[in-house]
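Take a look at the structure below.
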């Protein structure tokens, strides 16, 4: 049934030119219209080239201002157009046209919507076996799609040798190189990273002080604590939507007013180089449809607010209300990870924390690294193409990016 519906969706029942626009009626009853300039600009013939490889011969300024399409030799699988007055010829496949239709309905169909969750998800955690993911492309894709949908997943049966940590990272994408690189969260003699202390850590997003926040975080447990040190996660999107519903004016404030975050790292526990980072941006990001696309909030990294005086008190009120939601036990899940367990989570959506633990020998040891969101999305697209042999039309959530 699904295959039949998809087949009808990509079947051209009728193609015509109406008011200079290409209009198509599809087998599933839907309609699409395409402006001539948009259609001509996206011609992918040998002369015009394709944006996929950025080898393009077409230039917008060279397109005649009065172009008109004329239909030639069409079928239910493609559309042939001759452009007037220059008589250039273009061919557009039905699948390409449907997957790039920019009607409100089609854009909404292609847009990925996150699956919101609260503490009740602890009874049905998205969990994947590394041994299976590493050899099975379908399971590999399912793992990444779980991070896309829920913002996180748990991975079991990981190697516990530090030199093997790259194997999981490479399944996500290219490792992001920061001053932390692959960092071992463990007890150290000199502590300038709060992840190395034994106290409880409230839910937070990492590295909010960067202009470009890290994307997918990769946790790999080499040695757990025998007494505490459990991981905690919160769906920042769920919290933000609750904020929007309960206190809409405060929510709006947090989407508009830049909140400064700062970090001075003298290099004691990283690469030895001193760095001083600072970023100012709202802690909730909305996309062009006014849907939540990213959160960036870490209470410990909030620097002195540099905003108009009349916004100081309203902003503190909004922040406190946001933390009231984020720290609600009903939203938090607690995971007791053992050696060989790991977590993947979207650091621009999921807040993570940790319960307190006792110092002991052998010391708790957790490797943390990250992959940028665009690399993560790239890996998903490539896997989808390999498994489905078709272009995926889905538009992924871009996090804190513009």
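In the working numbering, the protein residues as written are 22 to 423.
Cβ atoms here follow ideal geometry from the backbone N, Cα and C, with glycine treated the same way.
For clarity, every value in this text was computed on a predicted model and none was experimentally measured.
For residue 89, the pairing in a beta bridge is given by DSSP as 105. DSSP, reduced to helix, strand and coil, places residue 114 within a strand of the structure shown.
Counting C-beta pairs closer than 8 Å gives three or more between the segment 229–244 and the segment 381–398, which meets the contact rule. For the segment 252–336, the full-length alpha helix (DSSP H) segments reaching 4 residues or more read 257–267, 269–277 along the chain.
A residue is called buried once 16 or more other Cβ atoms fall within 10 Å of its Cβ, and residue 68, having fewer, is exposed. Taking a C-beta distance under 7 Å as the contact criterion, residue 421 and residue 306 qualify as a contact pair. With at least 16 other beta carbons inside 10 angstroms of its own, residue 31 counts as buried. If you check the CB distance, residue 373 and residue 254 come in under 7 Å.
Taken through DSSP and simplified to helix, strand or coil, residue 224 comes out as strand. Per DSSP, the continuous beta strand (DSSP E) segment holding residue 386 begins and ends at 386–392. The Cβ-Cβ distance between residue 219 and residue 360 does not fall below 7 Å. Nearest neighbour of residue 261 by Cα position, chosen from 228, 138, 87, turns out to be 138.
For residue 55, there is no enclosing alpha helix (DSSP H); the enclosing beta strand (DSSP E) has its first and last residue at 52–55.
Setting aside the 5 residues that flank it on each side, residue 35 is surrounded in the same chain by 46, each with a C-beta closer than 6 Å to its C-beta; the list follows chain order. With three or more CB-CB distances shorter than 8 Å, the segment 362–371 counts as touching the segment 308–325. In terms of Cβ geometry, residue 38 and residue 61 do not form a close pair [threshold 7 Å].
Residue pairing for residue 174: DSSP places it in a beta bridge opposite 365. Here DSSP, grouped into helix, strand and coil, assigns residue 380 to coil.
For the pair residue 355 and residue 221, the CB atoms are not nearer than the 7 Å cut-off. Note that the segment 117–125 touches the segment 52–61; at least 3 beta-carbon pairs, one per stretch, sit closer than 8 Å. Separation of the CB atoms of residue 418 and residue 245 is rounded to 31 Å, and the pair is thereby denied contact status at 8 Å. Our two residues, residue 250 and residue 297, have alpha carbons roughly 29 Å apart in a direct line.
Judged by pairs of C-beta atoms under 8 Å, the segment 325–335 does not touch the segment 183–202, as fewer than three such pairs exist. Within the same chain, Cβ atoms closer than 6 Å to the Cβ of residue 280 are found at 304, the five residues on either side in sequence being excluded. Counting only the Cα atoms, residue 308 lies some 39 Å from residue 106. Judged by DSSP in its simplified three-state form, residue 39 adopts strand. For residue 159, the secondary structure class from DSSP, reduced to helix, strand or coil, is helix. The count of Cβ pairs closer than 8 Å, one atom from the segment 343–353 and one from the segment 157–165, stays below three, leaving the stretches out of contact. Burial is judged here by how many other beta carbons sit within 10 angstroms of a residue's own beta carbon; residue 337 has fewer than 16 and is exposed. Straight across, the Cα-Cα distance linking residue 117 with residue 145 is about 37 Å. With a 10 Å radius around the Cβ and a threshold of 16 neighbouring Cβ atoms, residue 400 comes out buried. Around the CB of residue 73, fewer than 16 other CB atoms lie within 10 Å, so the residue is classed as exposed.
For residue 95, the closest alpha carbon among the candidates 133, 108, 115 is that of 115.
Between the alpha carbons of residue 404 and residue 398 lies a gap of roughly 10 Å.
Taken through DSSP and simplified to helix, strand or coil, residue 133 comes out as coil.
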